[in-house]
Structures are given as structure tokens and as C-alpha cells.
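Down below is the structure, laid out as C-alpha cells.
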Amino acid sequence: MFKVSLRRLLFISVLMLCAIGFAVRSFADHSWGGYHWARTSNPFTLKVGDNVSSTWDAHLNVAIGDWSNSDVLNLVKVAGATKPKSCRPTSGQIEVCNASYGNTGWLGIAQIWVTGGEHITQAITKVNDYYFSRAPYNTPAWRQFVICQEIGHDFGLDHQDENFTNPNLGSCMDYTNDPQTNQHPDSHDFQQLKAIYDDHADSTTTIGSATPPSSMPPAMGQIDFDTPAQWGKLVRSSANGRAHVYDLDFGGGHRVITHVLWADPRGDAR
Numbered sequence: 569m570f571k572v573s574l575r576r577l578l579f580i581s582v583l584m585l586c587a588i589g590f591a592v593r594s595f596a597d598h599s600w601g602g603y604h605w606a607r608t609s610n611p612f613t614l615k616v617g618d619n620v621s622s623t624w625d626a627h628l629n630v631a632i633g634d635w636s637n638s639d640v641l642n643l644v645k646v647a648g649a650t651k652p653k654s655c656r657p658t659s660g661q662i663e664v665c666n667a668s669y670g671n672t673g674w675l676g677i678a679q680i681w682v683t684g685g686e687h688i689t690q691a692i693t694k695v696n697d698y699y700f701s702r703a704p705y706n707t708p709a710w711r712q713f714v715i716c717q718e719i720g721h722d723f724g725l726d727h728q729d730e731n732f733t734n735p736n737l738g739s740c741m742d743y744t745n746d747p748q749t750n751q752h753p754d755s756h757d758f759q760q761l762k763a764i765y766d767d768h769a770d771s772t773t774t775i776g777s778a779t780p781p782s783s784m785p786p787a788m789g790q791i792d793f794d795t796p797a798q799w800g801k802l803v804r805s806s807a808n809g810r811a812h813v814y815d816l817d818f819g820g821g822h823r824v825i826t827h828v829l830w831a832d833p834r835g836d837a838r
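For the sequence shown, this note's numbering gives the first residue as 569, with consecutive numbering after it.
In C-alpha cells:
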């Protein structure tokens, strides 16, 4: 009788350890490839260029405020430095744009320019009004969810969960078909940011630099990154194909990484 009970106890203990391990992997380990902004100390301040319309202004403000609750970074909104339709990057900061980019298939894009294999030097977020002016995406919840997530990618976060039909985790870094409760970062997002930026020190900074690093190939700043044909190699796809990551490799640790959130091809997010 004692042996049976002991076996059961051991079995339950193993299950609990597995569950804890799964939770940690699912919720606390969602770094995007180790990409991060180089900086010499924490917390650091990152500028976010405002190239959005009045429809998006409140959502951008909320996202900036939300992410600034992190212990390691602060975001500050500045005047945008690009035309929304072209949405060109600015060295040392994030540019956020909205426009009707057309029937491209994508809701939102996050693009990061990387040097040295891991250091983000500039980034953009684009949200496509072609879809956000149509059901089911023309709601405050969808706008907040997408802009929060794409900005999160711009400083090195990946998703907590990529299954759109799983229960919501309460994080904008969790894919969902109903974003009502997934509009803001959660504690696990902040834990991951702390892990990314506290566990890695840099001797130089890529934040606020007026010009791209001299080692960056000129071609990285001369390409229009609007379509999959210009995004390079598809390196990752979610199970249902609603999220893709592309890698345009210029060699020598220089690349442009594009994260794409696609609209539901059925025309209904559910």
C-alpha cells in the first residue's frame, strides 16, 4: 500500500514539475531571436516617432504608456520623421505609421534593422488601414492589440502563444481571435524584457544614434520593404500561417527582420 502511494506521489510530482517547466517556457521565454537594442545601462529611453492619424493617436499613446511600465525601458513619443505611406526607418529609434497600404493581406508589420548579429539599430511598426477600416478589425480592441504587439516586437519580444483559438493570456503578445482582453502587456512580457536587457550588457549603444553604424551596408537603407518579395527568406510560420517571420540577410551579421501578422483569409477573424 505504501509503495503504491509512493509511486503516485512521485508521478504527481513529475507532472507538477513538467507543468511548471511548460509554464515557464510558454510565458517567460518569448525573446525574438535574442535581438535587442544595444545600450550601456538600464533603464534606457527609446524614442517612438508618431506618424499616425488621429484615429490611432490614442492607441499609440496607450501602447507607449504600457510598455514604459517596464523596469528596463522607457518609451517617449516624438514627432515622426517619415511619411506614413513610405514609413522609412530613422536610425536609433522606432517609427510607427498607419496608412491604407492596400489589399496586401497583412494587418501589421514590425521590422528591425540588425547589425552585429543581434543589435537593433532602427525599427518600424506599420498598421494597415485597408483592413482596420473593415469588419471585424475596425474596433478599438483590434487596433490596440495590434499596435501594442508590433511595437513589442520592435524591442525584441516574440509571442507568448501563437494559437489563435487558445484561451486569452491577457497579453498583446498572445495571438487571439478576440482581443478584448489582450490589448496590453502583462507581467510575463515585462519579465522577458528584464531577462533580455538585464542579462546582457553592451559597451556601446544603438539608441538615439543620428546615423546608422558605418559598418551597415548602404543597401539596407535603400530598399522598400512593402511586400513578401522584398522581405527575404521566410524563416518561420505559425501553425495556421497567420504569422510569418522573414529574414533579409546582407551578410556580416547585417539583416532586416520582418514580422508579419496576416488578416484572416476567410474575412472573419473567427
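Heads up, the beta-carbon is just placed ideally off N, CA and C, and yes, glycines get one too.
Check                                                                                                                                                                   : Outcome
Name the two residues that bound the continuous alpha helix (DSSP H) containing Tyr765.                                                                                 : 755-766
Can you tell which of Asp754, Ala667, Leu641 has its C-alpha closest to the C-alpha of Lys653?                                                                          : Ala667
So what's Thr665 in DSSP terms, helix, strand or just coil?                                                                                                             : Looking at the sequence provided, one finds Cys at residue 665 rather than Thr. DSSP places Cys665 in strand when its eight states are reduced to three.
Smallest Cα separation from Ala626: which of Leu761, Val824, Val813, Gln751?                                                                                            : Gln751
Quick one: grab the DSSP three-state call for Ile719.                                                                                                                   : helix
Return the CA-CA distance between Trp699 and Cys655, expressed in angstroms with no decimal places.                                                                     : According to the sequence shown, residue 699 is Tyr rather than Trp. Rounded to whole angstroms, Tyr699 to Cys655 spans 18 Å at the Cα level.
Please specify which runs of the beta strand (DSSP E), each continuous and at least 3 residues long, are wholly inside the stretch 659-705, giving them in chain order. : 662-667, 674-683, 687-696
Between Asp770 and Ala606, what straight-line distance do the alpha-carbon atoms span, to the nearest angstrom?                                                         : 6 Å
Could you spell out where the beta strand (DSSP E) holding Leu628 opens and where it closes?                                                                            : Segment 622-635 is the alpha helix (DSSP H) holding Leu628; no beta strand (DSSP E) there.
Which whole-angstrom value is the C-beta distance of Cys716 and Asp597, which I expect to be below 8 Å?                                                                 : With a Cβ gap of about 20 Å, Cys716 and Asp597 do not count as contacting.
Where does the unbroken beta strand (DSSP E) through Ile825 begin, and where does it stop?                                                                              : 822-830
I'd like the list of long-range same chain contacts for Gly676, defined as Cβ closer than 6 Å, with 5 residues on each side in sequence excluded.                       : Val695, Val714, Glu718, Leu829
Going by beta-carbon coordinates alone, are Ser599 and Leu725 separated by less than 8 Å?                                                                               : yes
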